[in-house]
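Asks: Sharing a structure with you now.
2 protein chains.
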Amino acid sequence: MDKKEIAFKILSENGLKYTEPRKILIEFLSEDENKHLTPEEIYDKLNPDYPNLGIATVYRNLQNFENLGIVQRLNLGDGVSRFELAELVEDVHQHHHLVCINCDKLIEVKGDLLGELEEKIENLYDFKIIDHDLKFYGYCGECEEKKDR
Amino acid sequence: MDKKEIAFKILSENGLKYTEPRKILIEFLSEDENKHLTPEEIYDKLNPDYPNLGIATVYRNLQNFENLGIVQRLNLGDGVSRFELAELVEDVHQHHHLVCINCDKLIEVKGDLLGELEEKIENLYDFKIIDHDLKFYGYCGECEEKKDR
DNA sequence: TTCCTTGCAAACTTTTTGCAGCCTT
DNA sequence: AAGGCTGCAAAAAGTTTGCAAGGAA
Numbered sequence: 000m001d002k003k004e005i006a007f008k009i010l011s012e013n014g015l016k017y018t019e020p021r022k023i024l025i026e027f028l029s030e031d032e033n034k035h036l037t038p039e040e041i042y043d044k045l046n047p048d049y050p051n052l053g054i055a056t057v058y059r060n061l062q063n064f065e066n067l068g069i070v071q072r073l074n075l076g077d078g079v080s081r082f083e084l085a086e087l088v089e090d091v092h093q094h095h096h097l098v099c100i101n102c103d104k105l106i107e108v109k110g111d112l113l114g115e116l117e118e119k120i121e122n123l124y125d126f127k128i129i130d131h132d133l134k135f136y137g138y139c140g141e142c143e144e145k146k147d148r
Numbered sequence: 000m001d002k003k004e005i006a007f008k009i010l011s012e013n014g015l016k017y018t019e020p021r022k023i024l025i026e027f028l029s030e031d032e033n034k035h036l037t038p039e040e041i042y043d044k045l046n047p048d049y050p051n052l053g054i055a056t057v058y059r060n061l062q063n064f065e066n067l068g069i070v071q072r073l074n075l076g077d078g079v080s081r082f083e084l085a086e087l088v089e090d091v092h093q094h095h096h097l098v099c100i101n102c103d104k105l106i107e108v109k110g111d112l113l114g115e116l117e118e119k120i121e122n123l124y125d126f127k128i129i130d131h132d133l134k135f136y137g138y139c140g141e142c143e144e145k146k147d148r
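For the record, the sequence lines run as chains A and B. So in numbering that gives the first Met the number 0, spot 34 of the first sequence is number 33, and the numbers just go up one at a time. So in numbering that gives the first Met the number 0, spot 66 of the second sequence is number 65, and the numbers just go up one at a time.
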């Protein structure tokens with residue numbers, strides 16, 4: 000069972016209907032991993048093939064998907080939400096992002112790097128950690144090179 | 000020299016004029032640490048005392064201050080920017096935030112917890128890290144307690 | 001048949017911008 | 001005096017909502 004199928008299963012388990020727009024969106028997101036597109040970008044890319052898909056439907060379903068944990072919303076601080084299909088398999092491995100402050104490239108860091116840190120913080124601050132959000136800002140290899148010249 | 004004075008020094012060093020709105024804003028932010036207010040909240044709080052301060056001026060100057068490193072913009076994922084006076088002293092110590100997903104309380108974690116992790120990532124991903132953004136989401140002590148009952 | 005879902009358009013919210021006049025330098 | 005800065009209002013950008021028609025269960 001791949002991600003797409005898991006996603007549809009989650010939808011039906013939660014009483015959400017299997018509609019054309021949802022099919023299109025999940026299909027698109029699963030083909031399009033690591034792109035971290037905004038709702039508008041998703042809408043624009045789908046529009047040629049599905050001209051009567053409305054942008055409100057894109058927003059509404061991304062919101063639905065987020066509520067169900069099917070997608071993850073990224074906030075890179077540029078005033079827009081970006082979405083990616085969430086890890087839906089058993090061994091959920093967290094990942095983090097490197098954002099290039101010169102060319103805006105987005106690089107993924109695989110692996111949960113914060114396990115022991117979270118334990119420390121939970122004890123120190125009396126806080127039960129459920130999730131985290133970690134982003135590094137800096138220069139990617141290419142941009143760093145250009146800077147030196 | 001306290002934060003406020005350092006902030007004004009940075010302004011003048013960068014050719015920004017010493018105007019009434021900037022004075023009001025920096026004064027307010029330095030009195031109001033750890034509040035993490037939105038531009039609108041800042042505007043509303045200042046409005047009774049300074050009724051002709053415009054909200055555009057608040058936005059413009061928060062942006063200016065951010066560019067100069069005087070304030071830090073927080074993005075908690077609720078669709079608004081929040082601001083706090085940055086650490087302006089020599090030994091800049093990073094801090095991170097714990098966000099309670101039940102009551103929205105914001106707790107600060109002092110200390111830069113990511114030093115060695117950053118080194119690893121820089122080598123592994125050929126990426127020069129300049130800054131990072133780390134937030135933990137979970138339940139604060141109070142809300143965790145309430146959940147059990 | 002029921003009622004969830006959609007597309008469209010309008011509304012809302014947050015942030016940015018244009019402009020004429022004012023104020024710091 | 002010069003040019004940056006302000007307040008106001010309008011515009012822009014991103015997102016949400018109301019509603020009637022359509023489609024899945």
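Glycine included, C-beta positions come from ideal geometry on N, C-alpha and C.
By the DSSP assignment, the alpha helix (DSSP H) with A/Ile41 in it spans what residues?
Replies: Looking at the DSSP string, the run of the alpha helix (DSSP H) that includes A/Ile41 is Pro38 to Leu45.
Asks: What whole-angstrom Cβ distance do A/Lys109 and A/Cys139 have, given they're in contact under 8 Å?
Replies: Their Cβ separation, rounded to whole angstroms, is 17 Å, which puts A/Lys109 and A/Cys139 out of contact at 8 Å.
Asks: Could you spell out where the alpha helix (DSSP H) holding A/Glu83 opens and where it closes?
Replies: It is not in any alpha helix (DSSP H) - A/Glu83 instead sits in the beta strand (DSSP E) that spans Ser80 to Leu84.
Asks: Buried or exposed, going by whether 16 or more other CB atoms sit within 10 Å of the CB of A/Asn60?
Replies: Buried, since its Cβ has 16 or more Cβ neighbours within 10 Å.
Asks: Could you name the residues of chain B that A/Cys139 contacts, counting a contact when the two beta carbons are closer than 7 Å?
Replies: Here the neighbours are Phe126.
Asks: Please look up how many angstroms separate the CB atoms of A/Leu36 and A/His95, rounded, as I've assumed it's under 8 Å.
Replies: Contact doesn't hold; Cβ gap of about 19 Å is too wide.
Asks: In chain order, which alpha helix (DSSP H) runs of at least 4 residues are fully inside the segment 117-143 of chain B?
Replies: The segment 117-143 of chain B contains no whole alpha helix (DSSP H) run of 4 or more residues.
Asks: To the nearest angstrom, report how far apart B/Ile106 and B/Val98 are at their CA atoms.
Replies: Rounded to whole angstroms, B/Ile106 to B/Val98 spans 7 Å at the Cα level.
Asks: Quick check: the Cα distance between B/Phe27 and A/Glu86, rounded to an integer number of angstroms?
Replies: Distance between the alpha carbons of B/Phe27 and A/Glu86: 43 Å.
Asks: Leaving out five residues before and five after B/Ser80 in sequence, what residues of the same chain have Cβ atoms less than 6 Å from its Cβ?
Replies: Taken in chain order, the residues that qualify are Arg72.
Asks: Pick helix, strand or coil for A/Leu28, following the three-state DSSP scheme.
Replies: Helix at A/Leu28.
Asks: Kindly say whether A/Val91, judged by its beta-carbon, lies nearer than 8 Å to any beta-carbon of chain B.
Replies: Unreliable placement is indicated for A/Val91, whose pLDDT of 49 sits below 50; no coordinate value is reported for it.
Asks: Under 7 Å: does the beta carbon of B/Met0 sit that close to some heavy atom of the ligand FMN?
Replies: The model on display carries no ligand, and the ligand FMN is accordingly not part of it.
Asks: Using only the alpha-carbon positions, how far apart do A/Gly78 and B/Tyr124 sit?
Replies: Approximately 26 Å, taken between the alpha carbons.
Asks: Please list, in chain order, the residues of the segment 56-88 of chain B that have any C-beta partner in chain A closer than 8 Å.
Replies: Answer set for the segment 56-88 of chain B: Arg72, Asn74 and Gly76.
Asks: Report the neighbours of A/Leu52 on chain B: residues whose CB is nearer than 8 Å to its CB, in chain order.
Replies: What A/Leu52 touches in chain B: nothing, since even the nearest Cβ is about 24 Å away.
Asks: Could you work out which residues of chain B lie near A/Glu117, taking near to mean beta carbons separated by less than 8 Å?
Replies: Within 8 Å Cβ-Cβ: Phe135.
Asks: Using the beta-carbon of each residue, which ones in chain B are nearer than 8 Å to A/His131?
Replies: Here the neighbours are Leu133, Lys134, Phe135 and Tyr136.
Asks: Could you tell me whether any Cβ in chain A is nearer than 8 Å to the Cβ of B/Ile100?
Replies: Cβ-Cβ to chain A under 8 Å: yes for B/Ile100.
Asks: The beta strand (DSSP E) with B/Leu105 in it runs from where to where?
Replies: Note, B/Leu105: beta strand (DSSP E), Leu105 to Lys109.
Asks: Which residues does DSSP list as the beta-bridge partners of A/His35?
Replies: None, per the DSSP bridge assignment.
Asks: For A/Tyr17, does the count of other Cβ atoms within 10 angstroms reach 16, so buried, or fall short, so exposed?
Replies: Result: exposed.
Asks: So, with DSSP's three-state summary, where would you put A/Leu73?
Replies: Note: A/Leu73 maps to strand in three-state DSSP.
Asks: Can a CB atom of chain A be found closer than 8 Å to the CB of B/Glu39?
Replies: Not closer than 8 Å to any Cβ of chain A, the Cβ of B/Glu39 fails to qualify, so no.
Asks: With distances taken Cα to Cα, identify the nearest neighbour of B/Ile25 among B/Gln62, B/Pro50 and B/Pro47.
Replies: If we check each option's Cα against that of B/Ile25, B/Gln62 comes out closest.
Asks: Give a yes or no on whether 8 Å exceeds the smallest Cβ distance from B/Glu143 to chain A.
Replies: Judged by the 8 Å Cβ criterion, B/Glu143 is in contact with chain A.
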